[in-house]
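One gets my numbering by counting positions in the sequence shown from 1 and adding 9 to each.
Backbone N, C-alpha and C define an ideal beta-carbon position, used for all residues, glycine too.
The structure appears right after this line, and notes come after that.
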Amino acid sequence: MSIISTDISKAVALLTNEELVAIPTETVYGLAGNIYSEKAIKAIFETKKRPFFNPLIVHIPSINLLSDIVDYIPEKAQQLADAFWPGPITLVLKKKAIIPDMITAGKDTVAVRIPNHPTTLALLKQLPFPLAAPSANPFSSISPTCAQHVEDYFKDSIKMVLDGGVCESGIESTIIGFINDEPVIYRLGSTPIEAIEAVVGKIEIKNKKEVAPDAPGMLERHYAPKTKTVLTTQLLETINKYNGKRVGVITFQSEINDSAIDAQMALSKTGDLVEAASNLYQILHQLDKMQLDVIIAEKLPNYGLGKSVNDRLSRATKA
Ligand code: AMP
Ligand code: MG
Numbered sequence: 010m011s012i013i014s015t016d017i018s019k020a021v022a023l024l025t026n027e028e029l030v031a032i033p034t035e036t037v038y039g040l041a042g043n044i045y046s047e048k049a050i051k052a053i054f055e056t057k058k059r060p061f062f063n064p065l066i067v068h069i070p071s072i073n074l075l076s077d078i079v080d081y082i083p084e085k086a087q088q089l090a091d092a093f094w095p096g097p098i099t100l101v102l103k104k105k106a107i108i109p110d111m112i113t114a115g116k117d118t119v120a121v122r123i124p125n126h127p128t129t130l131a132l133l134k135q136l137p138f139p140l141a142a143p144s145a146n147p148f149s150s151i152s153p154t155c156a157q158h159v160e161d162y163f164k165d166s167i168k169m170v171l172d173g174g175v176c177e178s179g180i181e182s183t184i185i186g187f188i189n190d191e192p193v194i195y196r197l198g199s200t201p202i203e204a205i206e207a208v209v210g211k212i213e214i215k216n217k218k219e220v221a222p223d224a225p226g227m228l229e230r231h232y233a234p235k236t237k238t239v240l241t242t243q244l245l246e247t248i249n250k251y252n253g254k255r256v257g258v259i260t261f262q263s264e265i266n267d268s269a270i271d272a273q274m275a276l277s278k279t280g281d282l283v284e285a286a287s288n289l290y291q292i293l294h295q296l297d298k299m300q301l302d303v304i305i306a307e308k309l310p311n312y313g314l315g316k317s318v319n320d321r322l323s324r325a326t327k328a
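This is the structure we're talking about:
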C-alpha cells in the first residue's frame, strides 16, 4: 500500500505522536520530526543513516517564532530573513539553550528557515513545535523532488509522505552563517548568490569542508547517483572516452547527435538556469535507474543557479 497522502491532519497526528512524516518544500522533500522529541530526532538520523555530526535544519512557519529558537539575530540576518522568507535561504544563528544538541550536532548554532510551500506552511501552523527536516533521502544519495522518490527510498521505514507535488526549485536551500555578524555562504543552493548580494553586499563562499569546519556535512561526495558520474566542459571528448560503454548524458540545453549515447536529457531546452536547477535531481533519478555505465554531465555557466547546480554535480562525481 502506498504511504503517499495529502491528509494534513494525519500528518499532524503522526508528528504529535513523535513519528516521522516526509514533507514537501519548495527545495526538496524533507524527513520531518518534532525538534523536541528525542525519539523522533534519533529516528531521522537512523532512517537516513546520517552521521550524528551532520546537523539538521529547523523549519518554522513564521518569522515571529525565530526568537524562540535563536538567541541573537545580526542585522544582516534580519535583512535576509525579511527579504527571502518564506523561501530557500537557511540562516545559521546562535541557538537558544532549549534547542536539543542532537539537532545541532553539539554546536552552539542552529540552522533555521521558513519553507515556501503552502502544504507544509499549513502543517507547521497546526503544530505547537517546529520540525527538524533534512532531505528525505538515504545519506549522500540523490535528494527527492517528488513524493514518489521518497516512497521509493523509505516505504518500509516511515508511515507517511505528505504529497505536495513536484518541488518547484528542486535543489536544497542556500545556507548562510555569520562570522562577526557578517554573512558567509556555507552551502550554495536555490537562492542565487547574486540575489543575496543585492541585499547584504559582497559575500564570501566557504562551502568546502577544509575551509569551513563550521559547516559540518559539506562533504565532498554528496547528492550522488549510484552510477559513476562525470562533470565536464568537454562533452564530446568525454563521450568518446567511454566508447563501447552504456553512456548517459546530461546537457544544459542542447541535444547531441552521437550514436554512442544511450540516453540523454537536457536540464533546460531554453537555457534557463532556474529551470535547470529544478530539473537536476529528477533527471539524475531517471538516469540512475537505466543501468548505465556512466553519466556524463555538462558543466553549466558558473553564475546564478548554474553555480549551485555545478556544486551539486561536482559532489555527485566524487568516488
Ligand atoms: P540537509 O538538511 O540534508 O539539507 O542538510 C542540512 C545541512 O545544513 C547540513 O549538512 C549542514 O551543512 C548545514 N547545517 C545545519 N546546521 C548547521 C549549523 N549549526 N552550522 C553549520 N551548518 C549547519
Ligand atoms: Mg541532504
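Indicate, with yes or no, if the ligand MG has a heavy atom lying under 7 Å from the CB of residue i.
| i | result |
| --- | --- |
| Pro-335 | The first residue shown for the chain is 10 and the last is 328, placing residue 335 beyond what the model contains. |
Tell me whether residue i sits in a helix, a strand or coil according to DSSP, three-state version.
| i | result |
| --- | --- |
| Asp-271 | strand |
| Arg-321 | helix |
| Pro-192 | strand |
| Ala-233 | strand |
| Ser-149 | coil |
| Ala-221 | With a pLDDT of 47 at Ala-221, under the threshold of 50, the modelled position of this residue cannot be trusted, and the question is left open. |
| Asn-26 | coil |
| Thr-56 | helix |
| Ile-292 | helix |
| Leu-74 | helix |
| Lys-278 | coil |
| Phe-261 | coil |
| Ser-144 | strand |
| Ile-12 | coil |
| Thr-241 | strand |
| Ile-185 | strand |
Taking the C-alpha atoms as reference points, what is the distance between residue i and residue j?
| i | j | result |
| --- | --- | --- |
| Thr-242 | Thr-25 | 49 Å |
| Gly-179 | Gln-300 | 24 Å |
| Gly-315 | Thr-34 | 21 Å |
| Val-283 | Ala-156 | 21 Å |
| Leu-23 | Ile-17 | 10 Å |
| Met-169 | Ile-50 | 16 Å |
| Val-220 | Ser-268 | With a pLDDT of 48 at Val-220, under the threshold of 50, the modelled position of that residue is not reliable, and the figure given next carries that caveat. Their Cα atoms are separated by approximately 43 Å. |
| Met-111 | Ala-52 | 11 Å |
| Thr-118 | Gly-96 | 20 Å |
| Gly-174 | His-126 | 10 Å |
| Phe-54 | Ile-108 | 17 Å |
| Glu-335 | Leu-89 | As displayed, the chain neither begins before 10 nor continues past 328, which places residue 335 out of reach and without an answer. |
| Thr-129 | Asn-249 | 46 Å |
| Glu-213 | Thr-279 | 30 Å |
| Glu-27 | Ile-98 | 27 Å |
| Ser-287 | Leu-322 | 13 Å |
| Ala-285 | Pro-153 | 16 Å |
| Ile-265 | Ser-317 | 24 Å |
| Leu-29 | Ile-167 | 6 Å |
Residue i: beta carbon under 7 Å from a heavy atom of the ligand AMP?
| i | result |
| --- | --- |
| Arg-324 | no |
| Leu-314 | no |
| Glu-181 | yes |
| Pro-64 | yes |
| Lys-215 | no |
| Arg-196 | yes |
| Gly-174 | no |
| Lys-116 | yes |
| Val-101 | yes |
| Val-159 | no |
| Gly-42 | no |
| Ile-184 | yes |
| Val-193 | no |
| Ala-131 | no |
| Ala-156 | no |
| Thr-236 | no |
Looking at residue i and the ligand GDP, is the gap between the Cβ and the nearest heavy atom below 7 Å?
| i | result |
| --- | --- |
| Tyr-232 | Absence of the ligand GDP is noted for the structure shown, with the ligand AMP and the ligand MG being the only ligands found. |
Those residues, in chain order, that have a beta-carbon closer than 6 Å to some heavy atom of the ligand MG: Pro-143, Ser-144, Ser-152
Quick one: any contact between the region 37-52 and the region 141-151, if contact means 3 or more CB pairs under 8 Å? yes
Are at least three pairs of beta-carbons, each pair with one atom in the region 240-256 and one in the region 287-305, less than 8 Å apart? yes
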